[in-house]
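Each remark here refers to the structure printed beneath this line.
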Amino acid sequence: MKLALRLAAAVLVTLFFLFPIYWLFMISLKTADEIYSYPPVWWPETFQFGNYVVLFKDGDAKTVWNSLVVASASTVLAMFLGTICAYSIARFRTGGEHLANWIISQRMVPPITVVFPIFLLYVFFGLVDTYIGLILLYTAFNLPYVIWMMRGYILDIPIALEESALVDGCSRWQVLWKVVFPMCRAGLFATAIFTFVFAWNDFIFALVLTRTEVTTYTVQVTHYFGSQSNFWAKISAMSVLGTLPVFIVVGFMQRYLVRGISMGAVKG
Amino acid sequence: MSSNSPGMGARRPGDGGFRYALVAPSIFILLLIGVFPLVYLLVVSFQGITMTDNDTTFQGLLNFKALFDDTRLWQSLMHTLIFTAIALPLELIFGLAMAQLFIDRLPGRQIFVALLVLPVVVSPIVSGATWALMFDNRFGPINQILGWIAGQELTILWTVKPDLVYPAILVAEVWQWTPFMFLLLLAALSAVDKSQLEAAAIDGAGFWRTFTRIVLPAIWPVMAVAVLIRGLDLFRLFDIVWALTKGGPGTMTETISIFTYVKGFQQFETSYTAAVALLIIVLLTVVITWLLKRVQLAR
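Top line first, the protein sequences correspond to chains P and S. The letter at position 166 of the first sequence is residue 176 when you use this note's numbering, and the numbering goes up by one with no holes. The letter at position 268 of the second sequence is residue 1426 when you use this note's numbering, and the numbering goes up by one with no holes.
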């Protein structure tokens, strides 16, 4: 009997959390007349993709490409370096608890206090507004997360396999490649997705460290805010271009979501 | 965990360096991006660099003294704390209520959860922009819906009126992160020992008593981690506020991160900004150390 009531509540709650996303997507499909109509229309007459076409014509869509480049490159780097570091910490207890705690504390500092001195450093080395500059910073920012998560995943796999591989004559590196990495494949994959999304969704680092060449999509969205009026068509279309890929990827990741966003605190 | 590891480290001769070779690149990068800035901030904060004056002579504690007289700085810290103090409990309570709603059997439960997750993975700057669309005084749906309820046309200036900007920002913030709390608490609730709940039911314990005596202690560790993660995130609040108000009207909604950004990158008070950044780091370190003594973070 109470089931109907709970179901109704569940639907209401879900509608509340989905409505803004629905609205964003709808605006991007509306014509200018529909966007600036009063009272607002909830459903466009026809779905038209003109707002997206404009972004590609103007070259603004390249900012999504920039996001892809820096997020992918930094993810690969952070995953590789972070995982081997995590392996050493998990299996050899390198540095003990102190090292692990110091590493995770690196993630707690507010980004603005990190990016300010980094900016001054980058000005000196000519790294502002370059792919390398952004990739390096995202790698560093994501390393603590990768190390922390992968340490947990590696501790979950039985050590006996690695030992027998050693006995069979594998070198240490071969053990890593042939046993450890394949064994924690799911963990690697899940951690990589989150690392990617963190870099992809970042705003403040990109705001400070890009000018025109490697502007990411999040920064581009804010370029459409005017002092008098906002370019809603472009804001919404660019936002959807940046958000849709994340939705699709995360859709496949449901199983690992909880462990990923709780930084490993909940095994889920 | 500890019984696993012995032996692996020194099984063969020549392996001693291997473990250090694995951590070396990561440590190097973290030192470069983590410790170097700290040292650099310390150096710059004792100098007198501004937009017009590249004065690198030693200024003593001048910039640090200026911190205490800067009302805008302390106000921005206050704004940050207000946002945190309101958003954090709301997210926790709503998240917990939603987790309770979805914990028992419900048709289409998996689909609901999958959909509810979406706000969490939206870039905060995009959710800020989305809520700017929602709150638009003429073309946004919020005034439209409120107008239906009120029975007359409304053009409320959500992101401009001083007494409405806080509610507007908080709605966006709570919208985005309540699902985060929900997900974590749902996982925690699922792990509560069912037999204990049944035993409590047999003994005739009511909902509230069961909740405070059995459920709450069981989900406490996860709740603590969730609050810690969100608390640290709220302390660095930037994107949503930036998209909705840029800290305005005036400096009414300026958070500590926005203040630092404005000082460093719009007013170019380099040395002073370094002092501000150090202040933030010191404050945060004190708070985190205090918290971590009380909360055991995941293993």
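We put the CB at the ideal spot given by N, CA and C, even for glycine. These figures come from a predicted structure and were not determined experimentally.
Worksheet item: What are the start and end residues of each continuous alpha helix (DSSP H) run of 4 or more residues lying completely inside the region 222-267 of chain P, in chain order?
Response: Assignment of alpha helix (DSSP H) within the region 222-267 of chain P, counting only whole runs of 4 or more residues, yields 227-233 and 242-261 in chain order.
Worksheet item: Taking DSSP as the reference, what is the three-state secondary structure of S:Asn-1221?
Response: As a working note, residue 1221 of chain S is residue 63 in the second sequence. It is helical.
Fill in: Boundaries (first-last residue) of the alpha helix (DSSP H) holding P:Asp-68
If you number the first sequence from 1, residue 68 of chain P lands on position 58. 60-68 is the extent of the alpha helix (DSSP H) around P:Asp-68.
Worksheet entry | CB contact flag (P:Phe-127, S:Pro-1195, <8 angstroms) | Numbered from 1 along the first sequence, position 117 holds the residue referred to as residue 127 of chain P. Numbered from 1 along the second sequence, position 37 holds the residue referred to as residue 1195 of chain S. Contrary to the premise, residue 127 of chain P reads as Pro rather than Phe in this sequence. Contact: yes.
Worksheet item: DSSP puts S:Asp-1213 in a beta bridge; with which residues?
Response: Locating residue 1213 of chain S in the second sequence gives position 55, counting from the first residue. According to DSSP, S:Asp-1213 bridges with S:Gly-1206.
Item to complete: Return the chain-ordered list of same chain residues with a C-beta closer than 8 angstroms to the C-beta of P:Asn-152, the five sequence neighbours on each side being excluded.
Response: Residue 152 of chain P sits at position 142 when you count from the first residue of the first sequence. These residues qualify, in order along the chain: Ser-84, Thr-85, Ala-88, Gly-92, Thr-205, Phe-208 and Ala-209.
Discussion item. Which of the three DSSP states is assigned to P:Pro-127 in this structure?
Written reply: For the purposes of this step, residue 127 of chain P is taken as the residue at position 117 of the first sequence. P:Pro-127 carries a helical assignment under DSSP once its states are collapsed to helix, strand and coil.
Discussion item. The alpha helix (DSSP H) that contains S:Gln-1469, what's its start and end?
Written reply: This structure does not reach residue 1469 of chain S, given that chain S is present from 1159 up to 1457, and the question cannot be answered.
Discussion item. Suppose you measure from the CA of S:Met-1256 to the CA of S:Phe-1340; what does that come to, to the nearest Å?
Written reply: For this step, residue 1256 of chain S is matched to residue 98 along the second sequence. For this step, residue 1340 of chain S is matched to residue 182 along the second sequence. When the Cα atoms are used, S:Met-1256 and S:Phe-1340 turn out to be separated by approximately 6 angstroms.
Discussion item. Less than 7 angstroms between C-beta atoms, sequence neighbours within five positions excluded: which residues of the same chain meet that for P:Arg-117?
Written reply: Walking along the first sequence from the start, residue 117 of chain P turns up at place 107. Sequence-distant Cβ neighbours of P:Arg-117 in its own chain, meaning closer than 7 angstroms and more than five residues away, are Pro-154 and Tyr-155.
Item to complete: Could you tell me which of P:Gly-274, P:Gly-252 and P:Phe-241 sits nearest to P:Thr-41, measuring between CA atoms?
Response: In the first sequence, counting from the first residue as 1, residue 41 of chain P sits at position 31. When C-alpha distances from P:Thr-41 are compared across P:Gly-274, P:Gly-252 and P:Phe-241, the shortest belongs to P:Phe-241.
Item to complete: Go through its chain and collect everything with a Cβ distance to P:Gly-270's Cβ below 6 angstroms, but skip five positions before and after it.
Response: As a working mapping, residue 270 of chain P is identified with position 260 in the first sequence. Counting only residues of its own chain and dropping the five nearest sequence neighbours on each side, P:Gly-270 has a CB closer than 6 angstroms to the CB of Ala-200 and Phe-204.
Worksheet entry | S:Phe-1176, enclosing alpha helix (DSSP H) - first and last residue | In the second sequence, residue 1176 of chain S corresponds to position 18, counting from 1. S:Phe-1176: member of the alpha helix (DSSP H) spanning 1174-1188, first to last residue.
Worksheet entry | Whole-angstrom C-beta distance between P:Gly-162 and P:Gly-274, which should lie under 8 angstroms | The sequence position of residue 274 of chain P within the first sequence is 264, counting from 1. The sequence position of residue 162 of chain P within the first sequence is 152, counting from 1. A Cβ-Cβ separation of about 4 angstroms places P:Gly-274 in contact with P:Gly-162 under the 8 angstroms criterion.
Worksheet item: Whose Cβ in chain P lies nearer than 7 angstroms to the Cβ of S:Phe-1365?
Response: Taking the first residue of the second sequence as position 1, residue 1365 of chain S is located at position 207. Chain P residues near S:Phe-1365: none, gap ~13 angstroms exceeds 7 angstroms.
Fill in: Cβ-based neighbour list, S:Leu-1231, same chain, cut-off 7 angstroms, excluding 5 preceding and 5 following
Locating residue 1231 of chain S in the second sequence gives position 73, where the first residue counts as 1. Closer than 7 angstroms at Cβ, skipping near neighbours: Leu-1225, Phe-1417 and Val-1434.
Discussion item. Taking the alpha carbon of S:Phe-1293 as the reference point, which residue from S:Thr-1313, S:Ile-1283 and S:Val-1275 has its own alpha carbon closest?
Written reply: For the purposes of this step, residue 1293 of chain S is taken as the residue at position 135 of the second sequence. Nearest of S:Thr-1313, S:Ile-1283 and S:Val-1275 to S:Phe-1293, Cα basis: S:Thr-1313.
Worksheet item: For P:Leu-254, is the classification buried or exposed, using 16 other Cβ atoms within 10 angstroms of its Cβ as the cut-off for buried?
Response: If you number the first sequence from 1, residue 254 of chain P lands on position 244. By the Cβ neighbour-count rule, P:Leu-254 is exposed, with fewer than 16 other Cβ atoms within 10 Å of its own.
Fill in: Per-residue DSSP class, three states only, for S:Phe-1404
Here residue 1404 of chain S corresponds to residue number 246 of the second sequence, with the count starting at 1. Here residue 1404 of chain S turns out to be Lys, not Phe, going by the sequence shown. Annotated three-state conformation of S:Lys-1404 is coil, per DSSP.
Worksheet item: Which runs of the beta strand (DSSP E) spanning at least 3 residues fall entirely within the region 105-168 of chain P, listed in chain order?
Response: The DSSP assignment places no complete beta strand (DSSP E) segment of no fewer than 3 residues inside the region 105-168 of chain P.
Discussion item. The alpha helix (DSSP H) that contains P:Lys-277, what's its start and end?
Written reply: Looking up residue 277 of chain P in the first sequence gives position 267. The continuous stretches of alpha helix (DSSP H) do not include P:Lys-277, and DSSP gives it neither H nor E.
Item to complete: Let me know the secondary structure DSSP gives S:Tyr-1430 once reduced to three states.
Response: Residue numbering aside, residue 1430 of chain S sits at position 272 when the second sequence is read from its first letter. Here S:Tyr-1430 sits in helix by DSSP.
Fill in: Residue-level contact to chain P via CB, S:Val-1373, 8 angstroms cutoff
If you number the second sequence from 1, residue 1373 of chain S lands on position 215. S:Val-1373 does not count as touching chain P.
Fill in: Proximity to P:Lys-291 [Cα-Cα], best of P:Leu-176, P:Leu-217, P:Leu-109 and P:Thr-73
Any answer about residue 291 of chain P is impossible in this case: the structure gives chain P only from 11 up to 278.
Worksheet item: At a Cβ threshold of 8 angstroms, is P:Val-74 touching chain S?
Response: Here residue 74 of chain P is taken as the residue at index 64 of the first sequence, counted from 1. No, because no Cβ of chain S sits closer than 8 angstroms to the Cβ of P:Val-74.
Discussion item. For a test of the three-state rule: what should DSSP assign to P:Pro-50, helix, strand or coil?
Written reply: What you label residue 50 of chain P is simply residue 40 of the first sequence in a count that begins at 1. Coil at P:Pro-50, not helix or strand.
Discussion item. Suppose the cutoff is 8 angstroms on Cβ atoms and the five residues either side in sequence are ignored; what does the same chain contact list for S:Leu-1347 look like?
Written reply: Numbered from 1 along the second sequence, position 189 holds the residue referred to as residue 1347 of chain S. Excluding residues within five positions, the ones whose Cβ falls inside 8 angstroms are Ala-1257, Gln-1258, Ile-1261, Val-1373 and Ile-1377.
Worksheet item: Taking C-alpha atoms, which residue in P:Trp-112, P:Leu-165, P:Ala-247 and P:Glu-223 lies nearest to P:Phe-57?
Response: Indexing the first sequence from 1 puts residue 57 of chain P at position 47. Looking at P:Trp-112, P:Leu-165, P:Ala-247 and P:Glu-223, the one whose alpha-carbon comes closest to that of P:Phe-57 is P:Ala-247.
Worksheet entry | Distance between S:Val-1350 and S:Gln-1217 (C-alpha atoms, nearest Å) | Against the second sequence, residue 1217 of chain S aligns to sequence position 59. Against the second sequence, residue 1350 of chain S aligns to sequence position 192. So the two alpha carbons sit approximately 58 angstroms from each other.
Worksheet item: Between S:Pro-1325 and chain P, is there a C-beta pair that is closer than 8 angstroms?
Response: Numbered from its first residue, the second sequence carries residue 1325 of chain S at position 167. No, its Cβ sits nowhere closer than 8 angstroms to a Cβ of chain P.
Fill in: Closest Cα partner of S:Ile-1185 within the set P:Thr-220, P:Ala-150 and P:Val-190
Working through the second sequence from its first residue, we reach residue 1185 of chain S at position 27. For S:Ile-1185, the closest C-alpha among the options P:Thr-220, P:Ala-150 and P:Val-190 is that of P:Ala-150.
Worksheet item: In whole angstroms, what is the alpha-carbon distance linking S:Glu-1249 and S:Val-1284?
Response: The count along the second sequence starts at 1 and reaches residue 1249 of chain S at position 91. The count along the second sequence starts at 1 and reaches residue 1284 of chain S at position 126. So the two alpha carbons sit approximately 19 angstroms from each other.
Worksheet item: Taking the alpha-carbon positions, what's the S:Thr-1238 to S:Ile-1244 distance?
Response: Translated into the one-based positions of the second sequence, residue 1238 of chain S becomes position 80. Translated into the one-based positions of the second sequence, residue 1244 of chain S becomes position 86. Their backbone Cα atoms lie some 10 angstroms apart in a straight line.
Practice prompt. Note down, in chain order, each residue of its chain lying with its Cβ closer than 7 angstroms to the Cβ of S:Phe-1426, except the 5 sequence neighbours on either side.
Written response: As a first step, residue 1426 of chain S is located in the second sequence; it is residue number 268 there, counting from the start. Around S:Phe-1426: Thr-1208 and Met-1209.
Worksheet item: In this structure, does DSSP put S:Trp-1366 in helix, strand or coil?
Response: Your numbering for residue 1366 of chain S matches position 208 in the second sequence. S:Trp-1366 sits in a helix when the DSSP states are folded into three classes.
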